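*Asks:* Numbering (the numbering used here), first residue to last: 476 to 647. Positions of the beta carbon are idealized from the N, C-alpha and C atoms, including for glycine. Keep in mind it's a predicted model, so treat the numbers as computed, not measured.
1) Would you report the Cα separation of residue 476 and residue 499, rounded to the nearest angstrom?
2) For residue 558, does the three-state DSSP call read helix, strand or coil?
3) Cβ of residue 573 within 8 Å of Cβ of residue 638?
4) Can you tell me where the alpha helix (DSSP H) holding residue 531 begins and where it ends?
5) Please determine, among 603, 523, 516, 631, the residue with the shortest C-alpha to C-alpha distance to residue 533.
6) On a Cα-Cα basis, can you pick out the residue from 611, 580, 599 that is closest to residue 646?
7) Measuring alpha carbon to alpha carbon, tell me which of 636, 529, 644 ends up nearest residue 583.
8) Enumerate in chain order the residues of its own chain whose CB-to-CB distance from residue 537 is below 8 Å, with the five nearest sequence positions on each side excluded.
9) Could you give the distance in angstroms between the alpha-carbon of residue 502 and the alpha-carbon of residue 628?
Take a look at the structure:
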């Protein structure tokens, strides 16, 4: 009996895949399906899915029960195994990169706003070097109002306006 196992060569053309590996792969596909359900229906078109997959995604919009959604996500995982998952993962990576860039830009603008409120005219001139087309008088007025709001512990309305103005500029 042991001779049968010894004579079998696992390095042949067929690949030996463990059940654990298959389960990990299906769980990864289900996670992709769950992310797809979280997207807006208009975004699904970018993935170039088959008609069956798009129908299943549309069906997910009407499912309200938690258990039914869990079963449906398992179904999406099975359907995804027939799709080009590398393309799906690439598009999700691009979305994540874009979101990270937006977050970094948001933090840079917050930093500029805080520097302008806490700083002096030198900070404003630094901003002018980067964006020469800003309305200096408007920005100075927003800075003064923001400083006054901080001193009086008022709600930060002017700080929000300053942030919104800086967001419209091309600060990088």
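*Replies:* Quick look at the numbers:
1) Residue mapping note: residue 476 aligns to position 1 of the chain shown, counting from 1. Residue mapping note: residue 499 aligns to position 24 of the chain shown, counting from 1. For residue 476, the pLDDT reaches just 47, beneath the cut-off of 50, and the residue's location in the model is therefore unreliable, although a value from the coordinates is still provided. Those two C-alpha atoms are separated by around 32 Å.
2) By 1-based counting over the chain shown, the position of residue 558 is 83. In the structure shown, residue 558 sits in coil (DSSP, three-state: anything other than H, G, I, E or B).
3) Within the chain shown, the letter at position 98 stands for residue 573. Within the chain shown, the letter at position 163 stands for residue 638. No.
4) By one-based count along the chain shown, residue 531 stands at place 56. Following the DSSP letters along the chain, one finds residue 531 inside the alpha helix (DSSP H) bounded by residues 526-535.
5) Taking the first residue of the chain shown as position 1, residue 533 is located at position 58. Comparing Cα-Cα distances from residue 533 to each of 603, 523, 516, 631, the minimum goes to 516.
6) For the purposes of this step, residue 646 is identified with residue 171 of the chain shown, where counting begins at 1. In this structure, 580 is the residue among 611, 580, 599 with its C-alpha nearest to the C-alpha of residue 646.
7) If you number the chain shown from 1, residue 583 lands on position 108. It is 644 whose Cα lies nearest to the Cα of residue 583.
8) Position 62 of the chain shown holds residue 537. Within the same chain, residue 537 has no close Cβ partners at all.
9) Numbered from 1 along the chain shown, position 27 holds the residue referred to as residue 502. Numbered from 1 along the chain shown, position 153 holds the residue referred to as residue 628. In a straight line, the C-alpha of residue 502 is about 51 Å away from that of residue 628.
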